[in-house]
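Engineer: Numbering (the working numbering), first residue to last: 16 to 411.
So, in structure tokens, the structure goes:
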């Protein structure tokens with residue numbers, strides 16, 4: 016008898032991946048240009064030119080034994096120091112190289128962090144809507160994921176609801192801003208109030224609570240007037256899980272890091288726990304080639320103006336057709352209210368018009384669909400008549 020939980024995970028893909036696979040089959044049947052696939056958050060703009068230039072330089076000029084070899088389990092020291100220095104320069108923190116642990120992307124960062132912190136029976140809180148794999152990651156670490164609602168208009172976290180869910184079993188809170196799937200950026204007011212609530216609960220119960228910020232979309236913010244608060248400046252027991260998948264358009268290369276605030280009293284214990292969790296999970300080290308790459312291109316981003324243009328086209332058109340749209344401040348997702356109560360039925364109806372939209376149920380919220388607009392702008396423009404016809408079918 017083998018592990019039934021993992022068998023089930025292997026047999027039943029996430030709703031996002033299922034829709035993506037459906038799209039591949041449908042494209043083969045009727046032509047790629049006739050399917051409007053908004054399922055997957057796969058960056059559609061190329062990596063900045065500096066990435067190609069630096070990769071070629073590294074491969075041609077660097078000792079291949081070093082470049083393709085192991086690093087320390089937590090990552091090459093010079094890479095960690097460069098990234099720590101960059102974080103300090105941008106956000107006014109005082110991190111050292113030994114506050115950072117290099118990982119194979121944000122998913123690995125979250126899995127390692129949760130396994131480092133969580134004891135069996137603990138609870139981890141997040142805010143709906145949330146990335147569905149949080150449930151898988153928390154469960155694997157031995158914790159129960161507790162979803163707290165967000166404000167139905169602003170999609171900022173409902174902090175009163177958070178207070179009612181905090182208990183002796185709460186070990187951590189995960190936030191994701193800019194948010195997948197809503198694109199909402201949590202405001203400084205929200206983060207300040209959230210940090211105060213967690214401090215109050217710590218003082219009342221004597222239990223440590225960690226604030227984990229899942230940040231693959233940090234750089235994908237479209238308006239200069241909007242900034243993403245850096246949680247280490249608001250809460251001492253803060254951990255950032257970062258990925259270069261979106262900022263550098265490198266999702267397949269799996270490179271990121273964990274950054275642990277130097278302000279937490281138990282820094283050495285938490286960092287050791289992260290190193291130990293990485294070891295127990297079999298993460299030997301992140302790929303050295305891409306460690307050296309991100310060290311060299313720190314501060315560079317892909318051309319996110321393409322995503323802003325896509326957002327603006329979709330928001331304007333869908334609103335004019337009668338859809339209710341949560342206008343995103345960042346990331347590359349649009350959260351749209353379904354035109355019937357059951358989002359899954361609405362998504363099935365959308366398939367009749369070759370529109371592939373992810374229903375919100377797996378994100379912990381009912382009644383919406385997620386549109387990933389990290390796609391070719393021409394496809395968005397071709398899809399607009401289909402969105403109009405879908406809306407008209409409900410009016411009829």
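Ideal placement from N, C-alpha and C gives every residue a C-beta, glycine not left out.
Predicted model, so just to flag it, every value in this text is computed and none were measured.
Which whole-angstrom value describes the C-beta separation of residue 346 and residue 193, a residue pair presumed to lie in contact below a C-beta threshold of 8 Å?
Structural biologist: About 4 Å separates the two Cβ atoms, so the contact holds.
Engineer: What residues in its chain sit with their C-beta under 6 Å from that of residue 340, if we drop five residues either side in the sequence?
Structural biologist: If we look at residue 340 and ignore the five residues flanking it on each side, its Cβ neighbours are 330, 333, 334 and 351.
Engineer: Using the Cβ count rule (16 or more neighbours within 10 Å means buried), how would you classify residue 229?
Structural biologist: Buried.
Engineer: Between the Cα of residue 359 and the Cα atoms of 342, 125, 343 and 384, which residue gives the shortest distance?
Structural biologist: For residue 359, the nearest C-alpha among the options comes from 384.
Engineer: Let's test the definition: count the other Cβ atoms within 10 Å of the Cβ of residue 102 and tell me whether it reaches 16, buried, or not, exposed.
Structural biologist: Burial call: buried.
Engineer: Mark residue 279 as exposed unless 16 or more other C-beta atoms lie within 10 angstroms of its C-beta, in which case mark it buried.
Structural biologist: Label assigned to residue 279: buried.
Engineer: What residues in its chain sit with their C-beta under 6 Å from that of residue 107, if we drop five residues either side in the sequence?
Structural biologist: Nothing listed; no residue qualifies.
Engineer: Assign residue 364 to one of three DSSP states: helix, strand, or coil.
Structural biologist: DSSP places residue 364 in helix when its eight states are reduced to three.
Engineer: Taking all protein chains shown into account, decide if residue 36 is buried (16 or more other Cβ within 10 angstroms of its Cβ) or exposed.
Structural biologist: Exposed, by the Cβ-count rule.
Engineer: Helix, strand or coil for residue 385? Go by DSSP, reduced to three states.
Structural biologist: If DSSP states are grouped into helix, strand and coil, residue 385 belongs with the strands.
Engineer: Kindly list the residues whose CB is nearer than 7 Å to the CB of residue 164, restricted to its own chain and excluding five residues on each side of it in sequence; keep chain order.
Structural biologist: So the qualifying residues of the chain are 143, 173 and 176.
Engineer: Can you look up residue 138 in the DSSP assignment and give me helix, strand or coil?
Structural biologist: If DSSP states are grouped into helix, strand and coil, residue 138 belongs with the strands.
Engineer: Helix, strand or coil, according to DSSP, for residue 270 in the structure here?
Structural biologist: Reduced to three states, the DSSP call for residue 270 is coil.
Engineer: Mind checking whether residue 140 and residue 185 have CB atoms under 9 Å apart?
Structural biologist: In this structure, residue 185 lies closer than 9 Å to residue 140 by Cβ.
Engineer: Give me the Cα-Cα distance between residue 109 and residue 210, rounded to the nearest whole angstrom.
Structural biologist: Distance between the alpha carbons of residue 109 and residue 210: 19 Å.
Engineer: Identify the residues that DSSP records as bridge partners of residue 256: which are they?
Structural biologist: In DSSP, residue 256 forms a bridge with 229 and 273.
Engineer: Once you ignore the five residues that flank residue 91 on each side, which residues in its own chain have a CB closer than 6 Å to its CB?
Structural biologist: Excluding sequence neighbours, residue 91 sits near 306.
Engineer: Is the stretch 124 to 139 touching the stretch 287 to 294 in the sense that three or more CB pairs, one from each, lie closer than 8 Å?
Structural biologist: Touching, per the Cβ criterion.
Engineer: Assign residue 96 to one of three DSSP states: helix, strand, or coil.
Structural biologist: In this structure, residue 96 counts as helix in the three-state DSSP scheme.
Engineer: Can you tell me whether residue 279 is helix, strand or coil according to DSSP?
Structural biologist: Here residue 279 sits in coil by DSSP.
Engineer: Between the stretch 62 to 73 and the stretch 388 to 404, do three or more beta carbon pairs fall short of 8 Å?
Structural biologist: Not touching, per the Cβ criterion.
Engineer: Just to confirm the assignment: which complete beta strand (DSSP E) runs, minimum length 3, are found wholly within the stretch 175 to 210?
Structural biologist: Listed in chain order, the complete beta strand (DSSP E) runs (minimum 3 residues) inside the stretch 175 to 210 are 185 to 191.
Engineer: Of all Cβ atoms in chain D, is any one closer than 9 Å to the Cβ of residue 272?
Structural biologist: The chain labelled as chain D is not found in the depicted structure, where only one protein chain is given.
Engineer: Just to confirm, are residue 308 and residue 273 a CB contact at a threshold of 9 Å?
Structural biologist: In this structure, residue 273 does not lie closer than 9 Å to residue 308 by Cβ.
Engineer: On the three-state DSSP scale, how would you describe residue 37?
Structural biologist: Looking at residue 37 - three-state DSSP - the assignment turns out to be helix.
Engineer: Just the C-alpha distance for residue 158 and residue 150, rounded to the nearest angstrom, thanks.
Structural biologist: So the two alpha carbons sit approximately 9 Å from each other.
Engineer: With a cut-off of 8 Å on the beta carbons, I'd call residue 120 and residue 258 a contact; round off their distance for me.
Structural biologist: Right, the Cβ-Cβ distance comes to about 5 Å (below 8 Å), so this counts as a contact.
Engineer: How long is the line joining the alpha carbons of residue 51 and residue 33, rounded to whole angstroms?
Structural biologist: When rounded, the distance between both Cα atoms is 15 Å.
Engineer: With DSSP run on the structure shown, which of helix, strand or coil describes residue 113?
Structural biologist: Of the three classes helix, strand and coil, the one that applies to residue 113 here is helix, per DSSP.
Engineer: Would you identify the three-state DSSP class for residue 346, choosing helix, strand or coil?
Structural biologist: Three-state result, residue 346: coil.
Engineer: Return the bridge partner residues of residue 160 from the DSSP annotation.
Structural biologist: Answer is 139, bridged to residue 160.
Engineer: Do the CB positions of residue 375 and residue 353 come within less than 9 Å of each other?
Structural biologist: Contact flag set, yes.
Engineer: Is residue 252 closer than 9 Å to residue 234 when the C-beta atoms are compared?
Structural biologist: Result no, Cβ atoms of residue 234 and residue 252 do not sit closer than 9 Å.
Engineer: Spatial neighbours of residue 285 within its chain, please: C-beta separation below 6 Å, excluding the five flanking residues on both sides.
Structural biologist: Cβ neighbours of residue 285 beyond the five flanking positions: 275.
Engineer: By DSSP, does residue 371 sit in helix, in strand, or in coil?
Structural biologist: Note: residue 371 maps to strand in three-state DSSP.
Engineer: Have a look at residue 46 and residue 369 and give me their C-alpha separation to the nearest angstrom.
Structural biologist: Each residue's alpha carbon lies about 11 Å from the other.
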